[in-house]
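If you read the protein sequences in the order shown, they are chains A and B.
Whatever position you read off the first sequence (first residue = 1), add 99 for the working numbering.
Whatever position you read off the second sequence (first residue = 1), add 239 for the working numbering.
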Amino acid sequence: DVAKAIINLAVYGKSQNRSYERLALLVDTVGPRLSGSKNLEKAIQIMYQNLQENGLDNVHLEPVKIPHWERGEESAVMLQPRIHKMAILGLGSSIGTPPEGITAEVLVVTSFNELQQRAPEAKGKIVVYNQPYVTYAETVQYRVQGAVEAAKVGALATLIRSVASFSIYSPHTGIQEYQDGVPKIPTACITVEDAEMMSRMASHGLKIVIQLKMGAKTYPDADSFNTVAEITGSKYPEQVVLVSGHLDSWDVGQGALDDGGGAFISWEALSLIKDLGLRPKRTLRMVLWTAEEQGGIGAYQYYQLHKVNISNYSLVMESDSGTFLPTGLQFTGSTKARVIMEEVMKLLQPLNITQVFSGGEGTDINFWIQAGVPGASICDDLYKYFSFHHTNGDTMTAMNPKEMNVAAALWAVVAFVVADMEEMLPRE
Amino acid sequence: KAIYKNGISQRTFEEIKEEIASYG
Numbered sequence: 100d101v102a103k104a105i106i107n108l109a110v111y112g113k114s115q116n117r118s119y120e121r122l123a124l125l126v127d128t129v130g131p132r133l134s135g136s137k138n139l140e141k142a143i144q145i146m147y148q149n150l151q152e153n154g155l156d157n158v159h160l161e162p163v164k165i166p167h168w169e170r171g172e173e174s175a176v177m178l179q180p181r182i183h184k185m186a187i188l189g190l191g192s193s194i195g196t197p198p199e200g201i202t203a204e205v206l207v208v209t210s211f212n213e214l215q216q217r218a219p220e221a222k223g224k225i226v227v228y229n230q231p232y233v234t235y236a237e238t239v240q241y242r243v244q245g246a247v248e249a250a251k252v253g254a255l256a257t258l259i260r261s262v263a264s265f266s267i268y269s270p271h272t273g274i275q276e277y278q279d280g281v282p283k284i285p286t287a288c289i290t291v292e293d294a295e296m297m298s299r300m301a302s303h304g305l306k307i308v309i310q311l312k313m314g315a316k317t318y319p320d321a322d323s324f325n326t327v328a329e330i331t332g333s334k335y336p337e338q339v340v341l342v343s344g345h346l347d348s349w350d351v352g353q354g355a356l357d358d359g360g361g362a363f364i365s366w367e368a369l370s371l372i373k374d375l376g377l378r379p380k381r382t383l384r385m386v387l388w389t390a391e392e393q394g395g396i397g398a399y400q401y402y403q404l405h406k407v408n409i410s411n412y413s414l415v416m417e418s419d420s421g422t423f424l425p426t427g428l429q430f431t432g433s434t435k436a437r438v439i440m441e442e443v444m445k446l447l448q449p450l451n452i453t454q455v456f457s458g459g460e461g462t463d464i465n466f467w468i469q470a471g472v473p474g475a476s477i478c479d480d481l482y483k484y485f486s487f488h489h490t491n492g493d494t495m496t497a498m499n500p501k502e503m504n505v506a507a508a509l510w511a512v513v514a515f516v517v518a519d520m521e522e523m524l525p526r527e
Numbered sequence: 240k241a242i243y244k245n246g247i248s249q250r251t252f253e254e255i256k257e258e259i260a261s262y263g
C-alpha cells in the first residue's frame, strides 16, 4: 500500500508542512527571483545545496542563457481630470520612457476591435485597455500584444488592465512581446480599479491626461541554470518520469505561489519517496526550471538538449498553477494512457481527489507534450490563484501548508506509480 | 525488458489495472 504510505507521511506524518516550511525559508531568505537577477542565481545555489543535503541522486545544474530585464523606477500620475497617483507595474521586456516621461491624453478602449475602429483617435495618445476578464488564457493576449497593436495605430504608450479574476488595487505584471517592424512603445499594467475608473470618466466625456515614467531596461542575456535532482530507476534507469516547477518568478512579492509552491511540492515528492526507502523502476527526475516567466526559456533549452531521449519519457509533470487544495489531475495523452491515469488517481481515494481532467499542461513541459509525451498538471482553485498571480500579494501568506501537503501527496503518488509500473504510458 | 517503444503494449488493461491497484 505504497500510495497510503505516501499520503500518510505527507498529510498526517512527520513530513507534513515540510514543503511549506522549506519554501518559506527560501523565499523569506531570497525574496522574488526575476530572470537575470542575483536573487535567482542565489536561489539556484541554495537549492543545489538543499538537494545534495537531501541525499538525492545526480544533483546537478544544467547551464542555460536567460533574458535579463530590469524594471527600474516607474510611476504614472493622472494629471487630468484630477491628480491621482496610480499603482503600475511595467510589463516584462518593455522599454522605458525618456527621463522626463511621456505626458499625453488617454484613449480608453475595451477590445482590440474597438482600438481598430477608433484607430485615428489613438495617434499620439496613451492607450488604456479596459478589457473584461474572461479566462486567463483568453484575456492575457491584451497584456502580451497590447503594446504592439496600439503602436501600429500611433500610440505613444499603453496601460493595460491587469489580467486578474479579483483585485484589491494590486497590479499584475507579466511578460509582453514586441513585433519586428512595429515601433516599440512603453507598456505597463494598471489595476482593474483604475482601468474601470478611466473607462467611466471617458464615457462621461472627461479628458484624461497621464504622465508615465518608466526606467525599464533590457541587458544582455545572463547565465543561469536548470536545477536537476533524481531518484535513479532500479530497473529502467534510462526511462524517466519528470516532475517539475519553476524557480524564477516576477520581481513582486516573494514568488511563493508562482511558482515556489510548484517547485517545492516537486522536491517534496522526491523527498517523500526517499523517506519511505522507495526506488521506482524508472528514474524520477525533478527539474526546477529557470526563466519560465519569459516564456519557458530554460525549459526550451532543456528540451533541445534532451529531446534525443524523448521515447524514454513516460510522463512529464509540471505544477505551475497553484498548490491550493487540488480538485484533480489535469492530463494530456492518449485514450489508453488516460484510462490508466484514471486507475492511478483511484489510489488518491483516501484524499477524495480522484478526478482526471483534460488539459494537462505547463509552459515548461508543453514542448514535450506537443511532441507526444503524456503530460500532467494539478487542477486547483484558479480563481484564487489568479487573484494573487504576478502581484505583490504573491507571498507565503497566500499559501496554505495543509493544502500543500495534499498537493505534494498527489504529486508523489502519481509520479511514483507511473515511474514504477512495468510499462511506460502508451502514446497515440 | 517490458518497455513500450513501438506502441504495442505487452499487457492487457486488466493486468495494468491490477498492477496499479497493488499500490493501494
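Beta carbons: idealized from backbone N, C-alpha and C, even for Gly.
> When DSSP labels each residue in this structure, what does Thr238 of chain A get in the three-state scheme?
Replying inline: helix
>> Can you look up Tyr232 of chain A in the DSSP assignment and give me helix, strand or coil?
In response: coil
> In whole angstroms, what separates the C-alpha of Val208 of chain A from that of Gly189 of chain A?
Replying inline: 19 Å
> What's the C-alpha gap between Tyr111 of chain A and Met503 of chain A?
Replying inline: C-alpha separation (whole angstroms): 12 Å.
>> Applying the 10 Å Cβ sphere with the 16-neighbour rule, what's the burial state of Tyr335 of chain A?
In response: buried
>> Taking 8 Å as the threshold (beta carbon to beta carbon), is Ser248 of chain B in contact with chain A?
In response: yes
> Which chain A residues sit within Cβ distance under 7 Å of Glu258 of chain B?
Replying inline: Met520, Glu521
> Any beta-carbon of chain A closer than 8 Å to the one on Thr251 of chain B?
Replying inline: no
> Is the region 301–321 of chain A in contact with the region 340–352 of chain A, if contact means three or more CB pairs nearer than 8 Å?
Replying inline: no
>> What are the residues in the region 438–459 of chain A lying within 8 Å of chain B by C-beta distance?
In response: Those residues of the region 438–459 of chain A that come within reach of chain B (Cβ to Cβ, closer than 8 Å) are Val438, Ile439, Glu442, Val443, Lys445, Leu446, Gln448.
> Could you give the C-beta distance for Thr286 of chain A and Ser261 of chain A, rounded to a whole number, given that I count them as a contact under 8 Å?
Replying inline: Not confirmed; about 13 Å, so no contact.
> What span of residues does the beta strand (DSSP E) with Lys306 of chain A cover, start to end?
Replying inline: No beta strand (DSSP E) contains Lys306 of chain A, which DSSP labels as neither H nor E.
>> For Gly397 of chain A, report the span of its alpha helix (DSSP H) as first-last.
In response: 396–405
>> For Arg260 of chain A, list the residues DSSP reports as bridge partners.
In response: A:Ile289
> DSSP on Asp536 of chain A, reduced to helix/strand/coil?
Replying inline: What the structure shows of chain A is the stretch from 100 to 527, and residue 536 of chain A is not part of that stretch, so it cannot be assessed.
> What residues of chain E sit near Lys103 of chain A, judged by a beta carbon separation below 8 Å?
Replying inline: Included in the structure are the protein chains A and B, with no chain E among them.
> For Asp156 of chain A, which residues does DSSP report across the bridge?
Replying inline: A:Glu329
>> Per DSSP, what are the beta-bridge partners of Ala203 of chain A in this structure?
In response: Note: Ala203 of chain A sits in a beta bridge opposite A:Ile309.
>> Assuming the contact rule is C-beta atoms closer than 8 Å, Tyr401 of chain A and Asn325 of chain A should be a hit. Round their C-beta distance to whole Å, please.
In response: 5 Å
>> Using 8 Å as the cut-off, can you tell me whether the region 409–425 of chain A makes contact with the region 353–368 of chain A, which would need three or more C-beta pairs spanning the two stretches below that distance?
In response: yes
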